[in-house]
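J.: Using this note's numbering, the final residue of the sequence shown is 503, and nothing's skipped along the way.
Please find one structure pasted underneath; my questions will follow.
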Amino acid sequence: MADWDYEIFWTETIKHIKGELEEQEFAMWFNIEYLRSTERELIVAVPSSFYRDQVKQRYQSYIENKIRELTGKDLSIQFEVQSKKDPPKTPAAPEKTESLPEQKKPARETKSQKSAKQNHSQLRKDYIFDNYVIGDNNNFASNAAMAIARNPGDAYNPFLIYGGVGLGKTHLMQAIGNYIYENSDQKVIYITAESFTNEFIHAIKEGPSKAAAFKNKYRYADVLLIDDIHFLQKKYETQEELFHTFNALYDAKKQIVFTCDRPLSELKNFSDRLSNRFGKGLNVDLQPPDYETRFAILKMKTEARGVNIPDEVIALVSKNVSSNIRDLESALIKLIAYAELVGKPITVETAQQQLKDVFASPRQTNMSIETIQRVVADYFSLSHNDLKSKKRTQNIVFPRQLSMFIAREITEYSTTEVGQSFGGRDHTTVMHACQKIEERITADPSLESTIQTLIRMIKEYSAKS
Ligand SMILES: Nc1ncnc2c1ncn2[C@@H]1O[C@H](COP(=O)(O)OP(=O)(O)OP(=O)(O)O)[C@@H](O)[C@H]1O
39 MADWDYEIFW
49 TETIKHIKGE
59 LEEQEFAMWF
69 NIEYLRSTER
79 ELIVAVPSSF
89 YRDQVKQRYQ
99 SYIENKIREL
109 TGKDLSIQFE
119 VQSKKDPPKT
129 PAAPEKTESL
139 PEQKKPARET
149 KSQKSAKQNH
159 SQLRKDYIFD
169 NYVIGDNNNF
179 ASNAAMAIAR
189 NPGDAYNPFL
199 IYGGVGLGKT
209 HLMQAIGNYI
219 YENSDQKVIY
229 ITAESFTNEF
239 IHAIKEGPSK
249 AAAFKNKYRY
259 ADVLLIDDIH
269 FLQKKYETQE
279 ELFHTFNALY
289 DAKKQIVFTC
299 DRPLSELKNF
309 SDRLSNRFGK
319 GLNVDLQPPD
329 YETRFAILKM
339 KTEARGVNIP
349 DEVIALVSKN
359 VSSNIRDLES
369 ALIKLIAYAE
379 LVGKPITVET
389 AQQQLKDVFA
399 SPRQTNMSIE
409 TIQRVVADYF
419 SLSHNDLKSK
429 KRTQNIVFPR
439 QLSMFIAREI
449 TEYSTTEVGQ
459 SFGGRDHTTV
469 MHACQKIEER
479 ITADPSLEST
489 IQTLIRMIKE
499 YSAKS
């Protein structure tokens with residue numbers, strides 16, 4: 039694994055730490071830059087030997103623990119002193135702007151993904167890294183996916199991508215498959231959990247030789263990609279079969295990738311031992327894209343279709359369709375179809391008229407939970423990461439419960455979805471939070487007016503962003 043690069047994990051670790059520490063403390067002690075990595079070490083730069091000694095003493099084990107949580111590996115941090123003229127760069131949140139965003143880059147790969155090989159029969163040929171736009175919502179997941187595609191079976195195995203509908207799980211998973219298929223002779227198998235189940239039931243019905251053929255087919259894969267494993271809930275026999283397939287592949291160091299619509303902890307009627315196995319590797323989530331990323335995705339999709347749509351129209355659609363990327367694409371297709379049918383260019387006016395129902399649908403007007411978190415956190419002088427963190431101090435627990443309560447009041451998100459947005463908490467935590475807030479309102483009616491103030495602020499914030 040000589041060419042392994044832990045930079046993405048370093049970036050992610052720093053992001054977590056930034057969310058946990060006071061702003062000042064972070065700015066003071068995390069003037070640390072990633073340099074390179076070896077199999078067991080991450081080498082980072084600090085500005086002076088004094089700084090190095092202080093950081094080592096205060097934070098080395100804290101950082102190493104964080105990295106272990108993310109990678110599952112015991113990596114040690116080595117500090118190199120490198121004086122710099124430039125001031126430290128601390129990651130800053132992207133500013134929200136009404137203007138057109140700069141073009142984001144798709145996830146380009148260094149190796150060419152185009153070759154003379156025939157397309158893989160189970161993989162969509164356009165689901166490749168080159169067509170996958172990277173934004174803050176999927177940065178970690180897509181970088182991890184590329185690292186896995188370059189070293190299948192080596193480091194992050196199994197790899198689980200989870201997140202809500204239409205956020206790019208299948209695309210990313212198939213990009214891994216396409217990359218490996220194009221660049222090696224490894225046998226890549228992609229299947230949805232539903233087809234896996236149907237094939238399994240059919241094979242058993244057909245008798246022992248078909249059942250054996252089924253087992254062999256999956257156990258001799260080099261790379262197994264199974265989409266939508268939440269479908270396996272309650273399918274105990276298929277889970278059992280997959281458990282054995284998993285063990286055979288895992289022991290042989292073959293890469294396994296799964297997608298799921300929720301974190302493993304939220305799967306119901308799912309065997310613990312299977313869930314434990316899946317949880318062994320790297321689990322990453324995909325969040326809904328921000329405005330800039332939506333714009334970049336639409337821009338890329340229009341270019342790929344060879345249609346000419348003004349940037350103002352792309353901006354309008356990106357602003358008004360925020361639920362997921364599939365909805366974004368559907369809106370675009372609707373516009374293109376209309377323009378082709380009536381033979382007219384697409385303008386802001388036609389887009390507004392043709393997509394007015396889409397823009398007004400409850401899915402699009404639904405307030406994002408992140409907006410609620412940001413406004414409530416700001417009100418209580420916290421960072422919005424505090425609300426998603428595991429911290430249980432009273433100054434954080436109350437705003438967190440309040441945010442959950444407001445999310446249930448003014449959005450259509452389920453308790454499961456709300457819980458997931460608060461650091462992957464269970465839906466029962468959300469129910470408990472709502473009950474606690476209701477009890478507090480009964481005991482202290484002035485809380486009701488605080489809640490109304492917050493809701494007004496959230497709506498104003500949302501209208502501006
Ligand atoms: N980052 C991205 N860049 C470009 N296109 C994207 C991106 N993410 C998703 N898409 C596109 O959005 C559409 C939906 O993606 P995909 O089917 O992978 O979502 P999903 O999360 O698997 O959804 P589901 O849960 O419904 O199966 C696809 O056309 C995909 O190409």
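Just so it is clear, CB atoms sit at the ideal spot from N, CA and C, and this is done for glycine as well.
Computed from a predicted structure; not experimentally measured.
Let me make sure I understand the geometry here. Which of E50, I264 and D464 has the alpha-carbon closest to that of T283?
T.: By 1-based counting over the sequence shown, the position of residue 283 is 245. Comparing Cα positions, the closest option is I264.
J.: When you compare only the Cα positions, how much space is there between E13 and I214?
T.: No answer is possible for residue 13: it lies beyond the span of the chain, which begins at 39 and ends at 503.
J.: Report the rounded CA-to-CA distance for F397 versus L270, giving the unit in angstroms.
T.: Counting from 1 along the sequence shown, the entry for residue 397 is found at position 359. Counting from 1 along the sequence shown, the entry for residue 270 is found at position 232. Roughly 34 Å separates the two Cα atoms.
J.: Assuming P196 and F296 are in contact, meaning their beta carbons sit under 8 Å apart, how far apart are those beta carbons, in whole angstroms?
T.: Sequence index remark: in the sequence shown, residue 196 carries index 158 (1-based). Sequence index remark: in the sequence shown, residue 296 carries index 258 (1-based). That belief holds up - the Cβ atoms of P196 and F296 are roughly 6 Å apart, short of 8 Å.
J.: Where Q392 and L373 are concerned, what is the direct C-alpha to C-alpha distance, given to the nearest angstrom?
T.: Here residue 392 corresponds to residue number 354 of the sequence shown, with the count starting at 1. Here residue 373 corresponds to residue number 335 of the sequence shown, with the count starting at 1. Going by the C-alpha atoms only, they are around 7 Å apart.
J.: Can you give the Cα-Cα distance for D365 and P85, rounded to whole angstroms?
T.: Here residue 365 refers to the residue found at position 327 when the sequence shown is read from its first residue. Here residue 85 refers to the residue found at position 47 when the sequence shown is read from its first residue. Each residue's alpha carbon lies about 47 Å from the other.
J.: Check whether the Cβ of E244 sits closer than 7 Å to any heavy atom of ligand 1, and report yes or no.
T.: By one-based count along the sequence shown, residue 244 stands at place 206. No - ligand 1 has no heavy atom lying nearer than 7 Å to the Cβ of E244.
J.: Mark Y274 as exposed unless 16 or more other C-beta atoms lie within 10 angstroms of its C-beta, in which case mark it buried.
T.: In the sequence shown, the residue the question calls residue 274 occupies position 236. Looking at its Cβ environment, which holds fewer than 16 other Cβ atoms inside 10 Å, Y274 is exposed.
J.: Please return the same chain residues whose Cβ sits closer than 6 Å to the Cβ of N216, not counting the five positions on each side in sequence.
T.: For the purposes of this step, residue 216 is taken as residue 178 along the sequence shown, with counting starting at 1. Here the set comprises L161 and I166.
J.: Could you pull out every unbroken alpha helix (DSSP H) segment of at least 4 residues lying fully inside the segment 264-313, listed in chain order?
T.: Segments of the alpha helix (DSSP H) lying fully in the segment 264-313: 274-289.
J.: According to DSSP, is F460 part of a helix, a strand, or is it coil?
T.: The residue you call residue 460 lines up with position 422 of the sequence shown. Residue state, collapsed to three classes: coil.
J.: Using a Cβ-Cβ cutoff of less than 8 Å, which residues in the same chain neighbour D285 once the five nearest sequence positions on both sides are dropped?
T.: Here residue 285 refers to the residue found at position 247 of the sequence shown. Here residue 285 is Asn; the residue named in the question, Asp, does not match the sequence. Taken in chain order, the residues that qualify are R315.
J.: Between the alpha carbons of T49 and E476, how many angstroms are there, rounded?
T.: Mapped onto the sequence shown, residue 49 falls at position 11. Mapped onto the sequence shown, residue 476 falls at position 438. C-alpha separation (whole angstroms): 40 Å.
J.: Compare the Cα-Cα distances from M87 to each of I347, E102 and N69 and report the closest residue.
T.: Here residue 87 refers to the residue found at position 49 of the sequence shown. It should be noted that the sequence gives Ser, not Met, for residue 87. The shortest Cα separation from S87 among I347, E102 and N69 belongs to N69.
J.: Quick one: is the Cβ of Y228 within less than 7 Å of any heavy atom of ligand 1?
T.: For the purposes of this step, residue 228 is taken as the residue at position 190 of the sequence shown. No.
J.: Could you check the C-alpha separation between K255 and A193 for me, to the nearest Å?
T.: Stepping through the sequence shown from its first residue, residue 255 is reached at position 217. Stepping through the sequence shown from its first residue, residue 193 is reached at position 155. Taking the straight line from one Cα to the other gives about 24 Å.
J.: May I ask which residues mark the beginning and end of the beta strand (DSSP E) holding R74?
T.: Along the sequence shown, read from residue 1 onward, the residue named residue 74 stands at position 36. E71 to S75 is the extent of the beta strand (DSSP E) around R74.
J.: Using only the heavy atoms of ligand 1, determine whether one of them is closer than 7 Å to the beta carbon of K163.
T.: Position 125 of the sequence shown holds residue 163. No - ligand 1 has no heavy atom lying nearer than 7 Å to the Cβ of K163.
J.: Under 8 Å: do the segment 441-448 and the segment 405-415 share three or more Cβ pairs, one atom per stretch?
T.: They touch, by the three-pair rule.
J.: Once you ignore the five residues that flank K225 on each side, which residues in its own chain have a CB closer than 6 Å to its CB?
T.: The sequence position of residue 225 within the sequence shown is 187, counting from 1. Result list for K225: A259 and D260, in chain order.
J.: Is the separation between the beta-carbon of I384 and that of A377 shorter than 8 Å?
T.: Position 346 of the sequence shown holds residue 384. Position 339 of the sequence shown holds residue 377. In contact: I384 and A377 (Cβ atoms closer than 8 Å).
J.: Would you say the segment 304-322 touches the segment 340-347, given that touching needs at least three Cβ pairs under 8 Å?
T.: With the cut-off at 8 Å, the segment 304-322 and the segment 340-347 do not touch.
J.: With DSSP as the reference, please indicate the residues paired to G201 in a beta bridge.
T.: Counting from one through the sequence shown, the residue named residue 201 turns up at place 163. L324.
J.: May I ask you to check if the CB of V29 is nearer than 7 Å to at least one heavy atom of ligand 1?
T.: This structure gives no information on residue 29, because the portion of the chain shown stretches from 39 to 503.
J.: Decide if E220 is buried, meaning its Cβ has at least 16 other Cβ atoms within 10 Å, or exposed.
T.: Looking up residue 220 in the sequence shown gives position 182. So E220 counts as buried.
J.: Quick check on N84: does DSSP put it in helix, strand or coil?
T.: As a working mapping, residue 84 is identified with position 46 in the sequence shown. Note on residue identity: the sequence assigns Val, not Asn, to residue 84. Three-state DSSP puts V84 in a strand.
J.: Taking Q120 as the reference, which of H465, L336, N433 and E71 has the closest Cα?
T.: Looking up residue 120 in the sequence shown gives position 82. Comparing Cα positions, the closest option is E71.
J.: Mind the definition here: the segment 354-361 touches the segment 320-332 only if three or more C-beta pairs lie below 8 Å; say whether that holds.
T.: Flag = yes, the segment 354-361 and the segment 320-332 touch.
J.: Run the CB neighbour count on V386, radius 10 Å, all protein chains shown included, and call it buried at 16 or more, exposed below.
T.: Along the sequence shown, one-based indexing puts residue 386 at 348. Its Cβ having fewer than 16 others within 10 Å, V386 is exposed.
J.: Specify the secondary structure class of I496 as computed by DSSP and reduced to three states.
T.: Mapped onto the sequence shown, residue 496 falls at position 458. Looking at I496 - three-state DSSP - the assignment turns out to be helix.
J.: Which residues in the same chain have their Cβ closer than 7 Å to the Cβ of L205, if we skip the five residues on either side of it in sequence?
T.: By one-based count along the sequence shown, residue 205 stands at place 167. L324, P326, N362 and I363, listed in sequence order.
J.: Around the C-beta of T453, are 16 or more other C-beta atoms found within 10 angstroms, so that it is buried, or is it exposed?
T.: If you number the sequence shown from 1, residue 453 lands on position 415. Flag for T453 reads buried.
J.: Helix or strand or just coil, what does DSSP make of I166?
T.: For the purposes of this step, residue 166 is identified with residue 128 of the sequence shown, where counting begins at 1. Coil, per DSSP.
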